[in-house]
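Engineer: Here the sequence shown stands for residues -19 to -1, 1 to 120, numbered as in mature numbering (1 follows the signal peptide of the UniProt record, and there is no 0).
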Amino acid sequence: MKRVLLLISALFIALVVSACTNLVSEDTSLEQVTGTVTYRERIALPDNARITVTLSDVSKMDAPAELISSQAFLADGNQVPFNFQLNFLRDDIEPNMTYAVSARIEVDGKLVFITDTANHVITDANATMQKNLVLVKVN
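(1) Quick one: any contact between the region 16 to 27 and the region 73 to 80, if contact means 3 or more CB pairs under 8 Å?
(2) Below 8 Å on the Cβ atoms is my guess for Ala84 versus Val34; work out the distance and round it to an integer in Å.
(3) Over what stretch of residues does the beta strand (DSSP E) that includes Ser83 continue unbroken?
(4) Are there 16 or more other CB atoms within 10 angstroms of the CB of Ile103, so buried, or fewer, so exposed?
(5) What would DSSP say about Leu116, mapped onto helix, strand or coil?
(6) In whole angstroms, what separates the C-alpha of Ile95 from that of Leu55?
(7) From Ala81 to Lys118, what distance separates their C-alpha atoms?
(8) Tell me, which residues are paired with Asp38 by DSSP?
(9) Give the straight-line distance between the Cα atoms of Leu114 and Asn100, rounded to the nearest whole angstrom.
(10) Grouping DSSP H, G and I as helix and E and B as strand, with all else coil, what is Arg31?
(11) So who's on the other strand from Ala56, going by DSSP bridges?
In C-alpha cells, the structure reads:
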C-alpha cells in the first residue's frame, strides 16, 4: 500500500512539474526594448517624480498610438539616467508597422519633461532594441 501511494505521489509531482515546464516554454517569444531616460538640465527630481516609458504602435497617422507596453516608477531619491525595460510578445509585432518608445516625467500630476522626437524601435532599419531617450523640459 505504501509503494502504491509513493508511486501515485511521484507521478503527480512529475505531472505538475511537466505542466509548469510547458507554461514556461510558451513565453519564449517574450522580448524587450531597453534603454535609459535622461534630460540635459541640471535639475534634481523630487522623490515623488513619476517616470513613465511606453512602447506604442505609431503606424496610423490620424489615430491615437496603440499601447504595446509601459513601465512607470517613482524617482524615489534617484536621479537621471533611469533605466527602463519594456517587455512585449514578438507575436504582437507586425513587421510592416512602426513602433516607438516615448517617456514623460510628472511631478504632482504636472508634466515636467517629455520626449519631443520620434524614437523608432523594433521594425526600424536597424531593428533597434535599445534606446537612450533625452527628454525636454516643458514650460
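Positions of the beta carbon are idealized from the N, C-alpha and C atoms, including for glycine. Since this is a predicted model, take the numbers as computed values, not measurements.
Structural biologist: Judging by the given coordinates:
(1) The answer is no - the region 73 to 80 does not touch the region 16 to 27, with fewer than three Cβ pairs under 8 Å.
(2) Contact flag correct, Cβ pair sits at about 5 Å.
(3) Here the beta strand (DSSP E) through Ser83 covers Tyr80 to Val88.
(4) Buried, because 16 or more other Cβ atoms sit within 10 Å of the Cβ of Ile103.
(5) Three-state result, Leu116: strand.
(6) Cα to Cα, Ile95 sits roughly 15 Å from Leu55.
(7) Looking at the two C-alpha atoms, the distance is approximately 20 Å.
(8) BP columns for Asp38 point to Glu47 and Tyr80.
(9) Each residue's alpha carbon lies about 8 Å from the other.
(10) In the structure shown, the three-state DSSP call for Arg31 is strand.
(11) DSSP output for Ala56 lists no bridge partner at all.
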